[in-house]
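Count the sequence shown with our numbering and you get residues 10 to 257, in order.
Each residue gets a CB set at the ideal place from its N, CA and C atoms; glycine is no exception.
A quick note: this is a predicted structure, and the numbers were derived from the prediction, not measured.
Here is the structure we will look at.
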Amino acid sequence: MSNGPLTGQVWRMRLDMERVDFRPGQFVEIQVPSFFLRRPISVCDAERLGNTSVLTLIYKVVGGGTKEMTSLLPGTQLDMLAPLGNGYDLRIAGDRPLLIGGGVGIPPLYLLARQLRAQGKEVQVVLGFNTASEAFYVREFEALRCAVQVTTADGSMGVKGFVTDAVAAEYMKASSGSSVSLPYYYACGPLPMLQSVIRTLGTNGEISMEERMGCGFGVCMGCSIQTASGPRRVCTDGPVFNAAELQL
Ligand SMILES: Cc1cc2nc3c(=O)[nH]c(=O)nc-3n(C[C@H](O)[C@H](O)[C@H](O)COP(=O)(O)OP(=O)(O)OC[C@H]3O[C@@H](n4cnc5c(N)ncnc54)[C@H](O)[C@@H]3O)c2cc1C
Ligand code: FES
10 MSNGPLTGQV WRMRLDMERV DFRPGQFVEI QVPSFFLRRP ISVCDAERLG
60 NTSVLTLIYK VVGGGTKEMT SLLPGTQLDM LAPLGNGYDL RIAGDRPLLI
110 GGGVGIPPLY LLARQLRAQG KEVQVVLGFN TASEAFYVRE FEALRCAVQV
160 TTADGSMGVK GFVTDAVAAE YMKASSGSSV SLPYYYACGP LPMLQSVIRT
210 LGTNGEISME ERMGCGFGVC MGCSIQTASG PRRVCTDGPV FNAAELQL
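So this is what it looks like as structure tokens:
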């Protein structure tokens, strides 16, 4: 196990696991010792390295639970429910899927990008941060040979603005040609970003939701959201939903 900072507030934890058969977009529920409720964190990567299976999680320190996660040392045994949730559907990605992530919505897109690249797809990635010092995993996506664009709200790195500014610029460029259609997209990030993605690109894509959770496995109904087909549980019916289903 390793556990260390990538930026001031964002940490990466690597765990030795018995299994690595996670789908991109699935998540785990970690029992943080001092807290009753488990903390849901997306699977960022899962791979076999030699004889070991390694699960990578990236988490932002926002409150007591994630703060305590930063104190977990190598050798700690974690109580974890995994894998949870449905995950992204790779079968409908098309040839040039677009992955859009904001802040700690970015981690679940990494395993997705790796698997789409392994299928030979040309993967376009737009990563949004507030400022350059909060940026992480840009080089890791580039190392997968994805076409990566970074946006920062303050313009300190990449395009100044939000992910949808970069997406809109790309779309306007594309629409000046005659036969370019919008790509299928996969998005994860804060609610205003997701709303803006749907306004910009329509609903031909999938969105991963990060709702507060109780049990994490379908029993407490604490994570229910309203969708076009009625109430759905983010933990078991999601966290990935077809954008057309969502009422954001
Ligand atoms: C499916 C899913 C995947 C997620 N993946 C990631 C990830 O990869 N990286 C990452 O940094 N964060 C992720 N989150 C958000 C993460 O779960 C919360 O930031 C974390 O639980 C906060 O715990 P805390 O004790 O530090 O904060 P506190 O605010 O003290 O937490 C209080 C309670 O609210 C819940 N909570 C607080 N914020 C959130 C939130 N944004 N979403 C859901 N529950 C919340 C906590 O789990 C806890 O039960 C994910 C959330 C979900 C639902
Ligand atoms: S968190 Fe309990 S049903 Fe989803």
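If you drop the 5 nearest sequence neighbours on each side, which residues of the same chain put their C-beta closer than 8 Å to that of residue i?
i	result
Val176	Leu107, Ile109, Val135, Val206, Thr209 and Leu210
Gln124	Pro33 and Leu99
Once DSSP output is grouped into helix, strand and coil, what is the label at residue i?
i	result
Pro117	helix
Ala162	coil
Lys69	strand
Asp88	coil
Gln204	helix
Glu56	strand
Gln40	coil
Ser187	With a pLDDT of 49 at Ser187, under the threshold of 50, the predicted position of this residue should be treated as unreliable, and no value is reported.
Val132	coil
Ala127	helix
Cys244	coil
Leu81	coil
Gly167	coil
Leu255	strand
Thr140	coil
Val228	coil
Ala102	coil
Does the beta carbon of residue i fall short of 8 Å from some heavy atom of ligand 2?
i	result
Ser233	yes
Gly227	yes
Thr245	yes
Met222	yes
Arg48	no
Met230	yes
Arg242	yes
Is residue i near ligand 1, going by C-beta to nearest heavy atom under 8 Å?
i	result
Lys69	yes
Thr65	no
Ser80	no
Glu219	yes
Pro192	no
Ser11	no
Lys76	yes
Going along the chain, which residues of its own chain have a beta-carbon closer than 7 Å to the beta-carbon of residue i, five neighbours each way excluded?
i	result
Gly3	Lying outside 10 to 257, the shown extent of the chain, residue 3 is not represented and no answer is given.
Met230	Arg242
Ser165	Thr140 and Ala141
Which same chain residues end up closer than 6 Å to residue i when comparing Cβ atoms and leaving out the 5 residues on each side of it in sequence?
i	result
Gln18	Lys69 and Val70
Tyr119	Cys53 and Asp54
Pro14	Trp20
Val113	Lys69
Could you spell out the range, first to last residue, of the alpha helix (DSSP H) harbouring residue i?
i	result
Phe150	Val147 to Ala152
Are the Cβ atoms of residue i and residue j separated by less than 9 Å?
i	j	result
Arg23	Val63	yes
Gly225	Cys197	no
Gly74	Arg48	yes
Gly96	Arg57	no
Arg126	Leu153	yes
Gly34	Tyr195	yes
Ile216	Phe250	yes
Closer than 8 Å to a non-hydrogen atom of ligand 3 - does that hold for the CB of residue i?
i	result
Gly72	The model depicted lacks ligand 3 and carries ligand 1 and ligand 2 instead.
Could you spell out the range, first to last residue, of the beta strand (DSSP E) harbouring residue i?
i	result
Ile216	Gly214 to Ser217
Asp25	Val19 to Met26
Phe45	Premise fails: Phe45 is in no beta strand (DSSP E) and is neither H nor E.
Pro111	Checking the sequence shown, residue 111 turns out to be Gly, not Pro. From DSSP, the beta strand (DSSP E) with Gly111 extends over Leu107 to Gly111.
Cys197	Tyr194 to Cys197
Ser238	From DSSP, Ser238 is part of no beta strand (DSSP E); its letter is neither H nor E.
Val249	Val249 to Asn251
Asn12	Ser11 to Pro14
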